[in-house]
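Structure first, commentary second.
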Amino acid sequence: MIQPKERAHEPRSADPGSGAWHVGWAAAPRVDRPVRSAGLYLRHPHLGRAAAPAGAKLGPRGRGVRGGFPCHRGPVAGALVAGRASGVAGRVAQLAAGGRHGGLRSGRHGAPAPDAAGAGRVSDTPSKSHGRLTIRPSLKPRELITEPQVKGAWTVNIVTLFPEAFPGTLGLSLTGKALAEGLWNLRTIPLREHGIGKHRNVDDTPAGGGAGMVIRPDVMASALDQADPRLPVLYLSPRGRPFTQARARALAEGPGATLICGRFEGVDQRVLEARGIEEVSIGDYVLTGGELAAQVLIDATVRLIPRVLGNQASLTEESFSEGLLEHPQYTRPAEWEGRRIPDVVMSGNHAAIAAWRREQAESLTKERRPDLWRAFAETQVDPTKDRQLSGASDQSRGYREHEKD
Numbered sequence: 013m014i015q016p017k018e019r020a021h022e023p024r025s026a027d028p029g030s031g032a033w034h035v036g037w038a039a040a041p042r043v044d045r046p047v048r049s050a051g052l053y054l055r056h057p058h059l060g061r062a063a064a065p066a067g068a069k070l071g072p073r074g075r076g077v078r079g080g081f082p083c084h085r086g087p088v089a090g091a092l093v094a095g096r097a098s099g100v101a102g103r104v105a106q107l108a109a110g111g112r113h114g115g116l117r118s119g120r121h122g123a124p125a126p127d128a129a130g131a132g133r134v135s136d137t138p139s140k141s142h143g144r145l146t147i148r149p150s151l152k153p154r155e156l157i158t159e160p161q162v163k164g165a166w167t168v169n170i171v172t173l174f175p176e177a178f179p180g181t182l183g184l185s186l187t188g189k190a191l192a193e194g195l196w197n198l199r200t201i202p203l204r205e206h207g208i209g210k211h212r213n214v215d216d217t218p219a220g221g222g223a224g225m226v227i228r229p230d231v232m233a234s235a236l237d238q239a240d241p242r243l244p245v246l247y248l249s250p251r252g253r254p255f256t257q258a259r260a261r262a263l264a265e266g267p268g269a270t271l272i273c274g275r276f277e278g279v280d281q282r283v284l285e286a287r288g289i290e291e292v293s294i295g296d297y298v299l300t301g302g303e304l305a306a307q308v309l310i311d312a313t314v315r316l317i318p319r320v321l322g323n324q325a326s327l328t329e330e331s332f333s334e335g336l337l338e339h340p341q342y343t344r345p346a347e348w349e350g351r352r353i354p355d356v357v358m359s360g361n362h363a364a365i366a367a368w369r370r371e372q373a374e375s376l377t378k379e380r381r382p383d384l385w386r387a388f389a390e391t392q393v394d395p396t397k398d399r400q401l402s403g404a405s406d407q408s409r410g411y412r413e414h415e416k417d
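Going by our numbering, the first residue of the sequence shown is number 13, and it counts up by one from there.
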């Protein structure tokens, strides 16, 4: 077997903020057998260079391959490296670490897999991809290579019985992009791992009788010990204080939070009192668990972190930004099913448009959210204007009731 020449091919570096591992390999002018893992290494933009996992192999694969080739199901699945090697056709190298089929498998034409020495043959017919160099790093979770979290980024710890529920929709759109770029971090703490006994029980029957089960205080305390003690702890509960935009803004300005996703009949009151846990609610209704409520809270908070939204100016014009509901929105076409956009919005007079939007926001808030309007009117509205808006709101409500009749 020809020994590889010690010439390391460095992959192109990805975005330093992504924190992704890349695959490098040592090539030789002529290689007709798979190269052992001694020639492989992994490189991280911040952590430097590291050895490849034990058992990883770099093998040829391409047109005319009649021997075996490595199975690519492994901890770095999807990280493909195509290399240039003179005199060898169709060189496509794949990093493999065993996987479900145990490393090597038989060829696509039914030929036996290479022996323990890694024997294999490559056709002399050049392929269309000959000489091409590509790097495809994977953003999927890796089993053997853990991607470090970005230091100083907003971090949320989630205590849950179902860690597979995260990131869920948080991994999509703008929040998902921000998560991949390291603008915020998400860490789950599986509650089951802190269970009691052989079956890892996390709950027990309610003291004094009653239906359902209650999460044990010792189990919850053990899970909370795994979280950052500097972060505030919030328990998603229907009996908690309403979660508001102001609370989301306060959380976004801090280092992060630890969220408890409740299940069953709730959590033992003693651990809530002992650890100073704040109970918050996202609405006057009951869910089967706190996972969905936690995602709502995280989404409302993360979007307020700088650079998460593409246009930060949109934060100042949305509902609750000034204590009011948002004004109505319109877009093209100018007329749809006989309904036209209000003339003032199409006038091009920015002062008139701003005044109309403000009037609409105040009128909608007074009509739909009297609680918000009272808090706003105490500091922002004079009594005369309040009476005028009250009359306009009553007229608007009567007009809609007349339409229903």
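For glycine and all other residues, C-beta sits at the position ideal for the given N, C-alpha and C. Just so you know, these numbers come straight off a predicted model, no measurement behind them.
Under 7 Å from any heavy atom of the ligand ZN, does the C-beta of R282 make it? The ligand ZN is not part of the structure shown, which contains no ligands of any sort.
By a C-beta neighbour count over all protein chains shown, 10 Å radius and 16 as the cutoff for buried, is L184 buried or exposed? By the neighbour-count rule (16 or more Cβ atoms within 10 Å), L184 is not buried but exposed.
What residue from G301, R251, V279, Y247 has the CA that sits closest to E290's CA? Y247
Between P175 and P202, is the Cβ-Cβ spacing less than 8 Å? yes
Run of the alpha helix (DSSP H) containing G188, from where it starts to where it stops: 185-192
Leaving aside the five residues before and after V320 along the sequence, list all residues of the same chain whose C-beta is less than 8 Å from its C-beta, in chain order. L186, T187, A190, L195, W196, V314
Cα-Cα separation, E374 to D383: 13 Å
Report buried or exposed for E349, applying the criterion of at least 16 other Cβ atoms within 10 angstroms of its Cβ. exposed
On the three-state DSSP scale, how would you describe S359? coil
Using the rule of at least 16 other Cβ atoms within 10 Å of the residue's Cβ for burial, across every protein chain shown, is L198 buried or exposed? L198 comes out buried.
From the DSSP output, in three-state form, read off I310 for me. Three-state result, I310: helix.
Cβ-based burial, Q307 [other Cβ within 10 Å; buried from 16]: buried
Inspect the beta-carbon positions of G171 and T270 and report whether they are closer than 8 Å. In the sequence as displayed, the identity of residue 171 is Val instead of Gly. In this structure, T270 lies closer than 8 Å to V171 by Cβ.
From what residue to what residue does the beta strand (DSSP E) around E290 run? 290-293
How is V283 classed by DSSP in three states: helix, strand or coil? Looking at V283 - three-state DSSP - the assignment turns out to be helix.
Taking I310 as the reference, which of K163, P254, G268, H206 has the closest Cα? Nearest C-alpha to I310: G268.
Using the three-state DSSP reduction, which class does P244 fall into: helix, strand or coil? coil
Could you spell out the range, first to last residue, of the beta strand (DSSP E) harbouring R202? Checking the displayed sequence, the identity of residue 202 turns out to be Pro instead of Arg. Counting along the chain, the beta strand (DSSP E) containing P202 begins and ends at 196-202.
When the Cα of G335 is compared with those of T181, V283, R386, G252, which residue comes out closest? R386
Tell me whether P229 sits in a helix, a strand or coil according to DSSP, three-state version. P229 falls in the helix class under three-state DSSP.
Please name the residue, chosen from R287, E285, R370, that lies closest to L337 on a Cα-to-Cα basis. R370
Leaving out five residues before and five after A177 in sequence, what residues of the same chain have Cβ atoms less than 7 Å from its Cβ? E303
Name, in chain order, the residues that DSSP records as bridge partners for G268. G268 pairs with T167.
Cβ neighbours of Y342 in the same chain (closer than 8 Å, five flanking residues each side left out): I353, P354, V357
For V283 and P250, which I take to be in contact (beta-carbon distance under 8 Å), what is that distance rounded to the nearest angstrom? The pair is not a contact, with the Cβ atoms about 18 Å apart (cut-off 8 Å).
So for R9, helix, strand or coil by DSSP? The structure shown does not extend to residue 9, since the chain is modelled only from 13 to 417, so the question has no answer here.
Please identify the residue among P179, L316, I365 whose C-alpha is closest to the C-alpha of A258. Per the Cα distances, L316.
Which same chain residues end up closer than 8 Å to Q324 when comparing Cβ atoms and leaving out the 5 residues on each side of it in sequence? P318
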